[in-house]
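In this note's numbering, the protein residues as written are 12 to 262.
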């Protein structure tokens, strides 16, 4: 296969926007920031967007990585990203959300869950606060089971299974999500304390176990309807999410 030749200007521009983050399994290549104007509740807000790529190869010769992009068909895989707002790296007080991708909720506006609502509300909270970031975790669909398996889990839910039972009936654990990559990226972008937007104590525990300074938690409940009431009850009763008004033992 003939390797594509890139001119020096292209390489220079791109290399300046790539950061190497070494991990236990290889490397994360973080690209950004990129200005991303977003329509948020009929107002245009400019975020700073980053995207990251996991790779076995660990190199600071970023030209090698760029050369491989056209041949590895990344469109067949998922990549995670970050929306940062304000002076995220250096502000004394920033809020963040680790948001698991939800194709049906985030894109289609499904009322079977509260994911789309939580994403938009988290973006709004970050902007109102003045500093913060949304980590959009692309390998977390269906709590880590993937979109096709999630579709089958939905069929089971339409036949009486709750969220946990459906995942387990398909051979999965209730929740297989891992936050290690997002934490590596967060550490590369910021070292000061963060407040986490979440109802899930497991996310708080993951941040604290990594040694990241966590200044608190901000709950996020809402958009309850007949379509997601059982889903939200299962989050609390079977998956350990905190109810509205609950205080986490680690707060």
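The beta carbon of each residue, even a glycine, is placed where N, CA and C say it ideally should be. Just so we're clear, the structure is a prediction, and the values are computed from it rather than from any experiment.
Consult DSSP for residue i and reduce its assignment to one of helix, strand or coil.
i	result
residue 13	Any answer about residue 13 is weak, because its pLDDT of 48 lies below 50 and its placement is not dependable; what the coordinates show is given next. It is coil, neither helix nor strand.
residue 259	Reliability fails at residue 259, whose pLDDT of 48 lies under 50, so the model's placement of it is uncertain and no value is given.
residue 151	coil
residue 50	strand
residue 43	strand
residue 2	Given that the chain is displayed from residue 12 to residue 262, the structure contains no residue 2 and the question cannot be resolved.
residue 126	helix
residue 92	strand
residue 199	helix
residue 227	strand
residue 116	helix
residue 100	coil
residue 235	coil
Closer than 8 Å by C-beta to residue i: which residues in its own chain qualify, once you throw out the five before and the five after it? Chain order, please.
i	result
residue 156	164, 178, 181, 183 and 187
residue 66	37, 38, 39, 40 and 76
residue 69	31, 33, 37 and 38
Cutting at 6 Å between CB atoms, please list the residues of its own chain near residue i, excluding the five before and the five after it.
i	result
residue 224	204
residue 13	The predicted model places residue 13 with a pLDDT of 48, which falls under 50 and marks its position as unreliable; any figure quoted below should be read in that light. For residue 13, where only same-chain residues beyond five positions count, there are no Cβ hits under 6 Å.
residue 151	111, 112 and 188
As a quick exercise: from the options, pick the residue whose alpha carbon is nearest that of residue i.
i	options	result
residue 112	82, 101, 105 and 125	125
residue 59	72, 40 and 94	94
residue 139	70, 64 and 97	97
residue 78	236, 21, 129 and 151	21
residue 46	104, 61 and 80	61
residue 212	222, 91 and 230	230
residue 51	239, 137 and 238	137
residue 239	17, 207 and 169	169
Could you spell out where the alpha helix (DSSP H) holding residue i opens and where it closes?
i	result
residue 178	174–180
residue 164	158–168
residue 216	212–220
residue 69	Looking at the DSSP string, residue 69 is not in any alpha helix (DSSP H), and its letter there is neither H nor E.
At which residues does the beta strand (DSSP E) containing residue i begin and terminate?
i	result
residue 111	105–111
residue 208	205–208
In its own chain, which residues sit with a C-beta less than 7 Å from the C-beta of residue i, not counting the 5 before and 5 after it?
i	result
residue 260	Its pLDDT being 43, under 50, residue 260 is placed unreliably in this model, and the value from its coordinates should be taken loosely. Hits under 7 Å: none found.
residue 31	38, 40 and 71
residue 120	127
residue 262	Any reading at residue 262 must be qualified, since the residue scores a pLDDT of 39, below 50, and its modelled position is unreliable; no value is offered.
residue 99	105, 142, 143, 144, 200 and 201
residue 8	Within the shown structure, residues of the chain are numbered from 12 to 262, placing residue 8 beyond reach of any answer.
Assuming residue i contacts residue j (C-beta within less than 8 Å), just tell me the rounded distance between them.
i	j	result
residue 118	residue 133	So it is not a contact: roughly 16 Å between Cβ atoms.
residue 130	residue 110	6 Å
residue 73	residue 24	Contact flag wrong, Cβ pair sits at about 11 Å.
residue 217	residue 148	The Cβ separation is near 12 Å, so there is no contact.
residue 206	residue 215	Residue 206 to residue 215, Cβ: 10 Å. No contact.
residue 158	residue 114	5 Å
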